[in-house]
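Protein chains in written order, with the numbering used here: chain V, 1 to 362; chain L, 1 to 362.
Glycine included, C-beta positions come from ideal geometry on N, C-alpha and C.
Just so we're clear, the structure is a prediction, and the values are computed from it rather than from any experiment.
Number of protein chains: 2
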Amino acid sequence: MQSVIEATYHVRGDAQSIADRARAIAVEQSVEMPLDAIDDAYVNAEIVGRVLDLRDLGNGTFAVRIALAAATIGNDAGQLINMLFGNTSIHDDVILHDVELADELVRGFGGPRHGLEALRQRVGARRRALTCSALKPQGLPAEKLAALALRFAQGGIDYIKDDHGLADQAYSPFAARAEAITAALRRHGAATRYVPSLSGDLDTMRTQIAVAKAAEIDTVMVAPMIAGLANVHRLMREHPGMAFLAHPSLAGSRMAPPLLFGKLFRMLGADAVVYPNYGGRFGYSPETCRAIARTALADWHDLKPSVPVPAGGMTLDRVREMLDFYGADIMLLIGGSLLAARGKLVAETAAFVDAVKAYPYG
Amino acid sequence: MQSVIEATYHVRGDAQSIADRARAIAVEQSVEMPLDAIDDAYVNAEIVGRVLDLRDLGNGTFAVRIALAAATIGNDAGQLINMLFGNTSIHDDVILHDVELADELVRGFGGPRHGLEALRQRVGARRRALTCSALKPQGLPAEKLAALALRFAQGGIDYIKDDHGLADQAYSPFAARAEAITAALRRHGAATRYVPSLSGDLDTMRTQIAVAKAAEIDTVMVAPMIAGLANVHRLMREHPGMAFLAHPSLAGSRMAPPLLFGKLFRMLGADAVVYPNYGGRFGYSPETCRAIARTALADWHDLKPSVPVPAGGMTLDRVREMLDFYGADIMLLIGGSLLAARGKLVAETAAFVDAVKAYPYG
């Protein structure tokens, strides 16, 4: 096999059957047919998946490393996920744990255009964590969301993202929202960035980006598992001036979060990756969250680092703990817990921002 | 709440905590913030999700029925799945079990343009099961795939789909494949249809459909969970003459298969839905498979029925069992097991076709 993808699956099984199960995955994710019916020399040598390694992890789980041909992928992100995990995603004994890709494949996808340093520069931050909040609840008209955004900006927040439920609904159309919110932020005059959420098919998302650009927005959010990886990749390549936050909606699957967020979303071009932090409303462990952040920031095929954005039920009283845990290379997102301050939203936001700025980064 | 979506989740939990957990899901899938911080009357009355019903299913599982506002969706299939299951997909104690949608929402999406009867008419079948096989392995050049397709057609098969791993690879580009295979089938002269697999972003899939149309192809396959539901819906609405098979690649998730394949894919416009049959390489139970087929075919908001296509390790010796189980309104897909006949592929295909035609449909 010439150019190789090495996929590592974690498979529940026993020592007697694991070798067969590993071979079955290698076949499923490549030629998907009985090998003794293949008489083509090229297919046998270059396309059929191969088990490279089996390792007993204990607790009835095995790490199975499989070589897949890069020739099956081209540079299509949808086809990448199809060949890595398409049919095997339906087997509930298997997790897609990690992937190593050829350098030219990773560089071909391109990675973030902006990444950590550019997202800092845009808001005038030096080496510190970035701050973010979310516009909610959906159902509010654009003017009320703009009033909220203004108060976040008055509190000094760096980034204000749409709640991922905000789309192009009648009560707050995308264009009306983009115009009202950016107008409010311009009048205020701070560097605070509004990050609207894209939705719909590729054409609709392109139209939304055009609207965003017209409103001088330079950062948008998209949910790759809903939009489709290939469409997200296309958008990211088409709009080099735009920074992209990736949202984890519909990412609940048997793909390891550090791989999905830290490698795959980053490889497509996500400048920042939102994920559920430990100790909030979701069940990720501290170890998983640390692995997501480290993977998104790691030296990897010369890609720019993606900013980790732990979120999902975060609170002001956890800022110090999170900075101790993650360090400076992070964007902290506190949404509902700031909004719960209601009449004191500006002060609560300022307290969040001050806590992040005052932290003694090492 | 005016127009309502009723989503039923199956949640692992206990009697003490399930009411709180249900309310948390209703909030997560609607406003995603503390309710006591919402002072907007419209949002409180019309947007906040509401728990309608809790039912103990035994074994530590509860059915939780939640009302979500149709106003949050518009007619965007991506936003539909976002509001039904976006963040909750990340919680591993929850399955999205079923959804009831307002009639105007379902009709707005449109459903299959063709469905069961049209797929029968295209291949001259009366009231019997349809037959299908798959072109594999990937890695073969277009000419070898065309030679295989010809032999399937000589055996009398109705539909020949691409293996879902076939994309637009250098060894068998989409256009070369479409031309070579349709040329071979035209020379043979039977009604057999070639069903190429679409891949890539929305623009790429549109280009592939144009190539397919130029080759007089009238049926294509797409994997909605990879392409993104909104993009698939757009394609299906843009090409009313084209019939679409939906492939389950990347559909391994905590969404119940009868809902995903039989309702959601069908509602977008899938004329047929491929899914892993019981007793093959995948773990779906007979009950799950029966529910998928019944849901895809059921009277539901006046949509045309989607053809159920059980697949994934099916064999000739199971044809009678499968027809006993499913009846006439089905497309049987036998792939690798026919190809394993190698030199006797035409005869093996003919035996499959004969068994399906000779079955005493009631």
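Delimiting residues of the beta strand (DSSP E) encompassing residue i
| i | result |
| --- | --- |
| H10/L | 4-12 |
| M242/L | Note, M242/L: premise wrong, no beta strand (DSSP E); not H, not E. |
| L332/L | 331-333 |
Where residue i falls: helix, strand or coil (DSSP)
| i | result |
| --- | --- |
| G78/V | helix |
| V309/V | strand |
| Q208/L | helix |
| M255/L | strand |
| P286/V | helix |
| S249/L | coil |
| Y275/L | strand |
| L116/L | helix |
| Q29/L | coil |
| R65/L | strand |
| S133/V | strand |
| M221/V | strand |
| S197/V | strand |
| L140/V | strand |
| L296/V | In the sequence as displayed, the identity of residue 296/V is Ala instead of Leu. If DSSP states are grouped into helix, strand and coil, A296/V belongs with the helices. |
| K304/L | coil |
| R234/L | helix |
| V123/L | coil |
Separation of residue j from residue i, as counted between CA atoms
| i | j | result |
| --- | --- | --- |
| L202/L | A293/V | 31 Å |
| A212/L | L345/L | 26 Å |
| E238/L | F244/L | 12 Å |
| A184/V | Q29/V | 51 Å |
| A191/V | M255/V | 36 Å |
| L145/L | D162/L | 9 Å |
| I160/V | A134/V | 5 Å |
| V11/V | F62/V | 5 Å |
| I25/V | S199/V | 34 Å |
| P360/L | V273/L | 24 Å |
| D218/V | Y194/V | 8 Å |
| A167/L | L35/V | 21 Å |
| F352/V | E104/L | 45 Å |
| H164/L | M33/V | 12 Å |
| D302/V | T295/V | 13 Å |
| I81/L | I90/V | 19 Å |
| D299/L | S306/L | 11 Å |
Chain-order list of residues whose beta-carbon lies under 6 Å from that of residue i (same chain, five-residue window excluded)
| i | result |
| --- | --- |
| A371/L | This structure cannot settle anything about residue 371/L, because the visible part of chain L is limited to 1 through 362. |
| A142/L | S172, A176, R177, A180 |
| V5/L | The question names Val, but residue 5/L in the sequence shown is Ile. The residues are L68, A70, L101. |
| A246/V | P224, F265, A270, V273 |
| R120/L | none |
| D158/V | V123, L130, T131 |
Same chain only: Cβ atoms within 7 Å of residue i, ignoring 5 sequence neighbours per side
| i | result |
| --- | --- |
| H188/V | L150, A153, Q154 |
| A350/L | G155, G156 |
| G228/V | G78 |
Same chain, Cβ closer than 8 Å to residue i, neighbours up to 5 away in sequence not counted
| i | result |
| --- | --- |
| V31/L | I38, V43, I47, V48, G49 |
| F109/L | N75, A77, H233, M267, L268, G269 |
| M314/V | N277, G280, M322, L332, L333, I334, G335, S337 |
| H365/V | In the structure as shown, chain V begins at 1 and stops at 362. Residue 365/V is therefore absent and cannot be evaluated. |
| G60/L | R12, G13, D14 |
| K357/V | R128 |
| I73/L | I5, Q79, L80, M83, L105 |
First through last residue of the alpha helix (DSSP H) which encompasses residue i
| i | result |
| --- | --- |
| I160/L | Segment 159-162 is the beta strand (DSSP E) holding I160/L; no alpha helix (DSSP H) there. |
| I95/L | Unbroken run through I95/L is the beta strand (DSSP E), 94-100; no alpha helix (DSSP H). |
| G58/V | First-last for G58/V: 50-58, but that is the beta strand (DSSP E), not the alpha helix (DSSP H). |
| R342/V | Here R342/V belongs to no alpha helix (DSSP H), and DSSP marks it neither H nor E. |
| L323/L | 319-326 |
| L105/V | 103-109 |
| L185/L | 174-188 |
Should the region 59-67 of chain L be regarded as contacting the region 330-341 of chain V, the criterion being three or more beta carbon pairs within less than 8 Å? They do not touch, by the three-pair rule.
Is there contact here, the region 41-52 of chain L with the region 86-98 of chain L, by at least three beta-carbon pairs under 8 Å? No, they do not touch.
Below 8 Å, can you find three or more Cβ-Cβ pairs linking the region 220-229 of chain L to the region 136-149 of chain L? Short answer: they don't touch.
Are at least three pairs of beta-carbons, each pair with one atom in the region 268-276 of chain L and one in the region 231-245 of chain L, less than 8 Å apart? Taking one beta carbon from each stretch, the region 268-276 of chain L and the region 231-245 of chain L have 3 or more pairs nearer than 8 Å; the two touch.
For the region 16-31 of chain L against the region 106-126 of chain L, are there 3 or more C-beta pairs whose distance is under 8 Å? No contact exists between the region 16-31 of chain L and the region 106-126 of chain L.
Looking at C-beta atoms only, is the number of pairs between the region 120-131 of chain L and the region 279-286 of chain L that lie closer than 8 Å three or more? No, the region 120-131 of chain L does not touch the region 279-286 of chain L.
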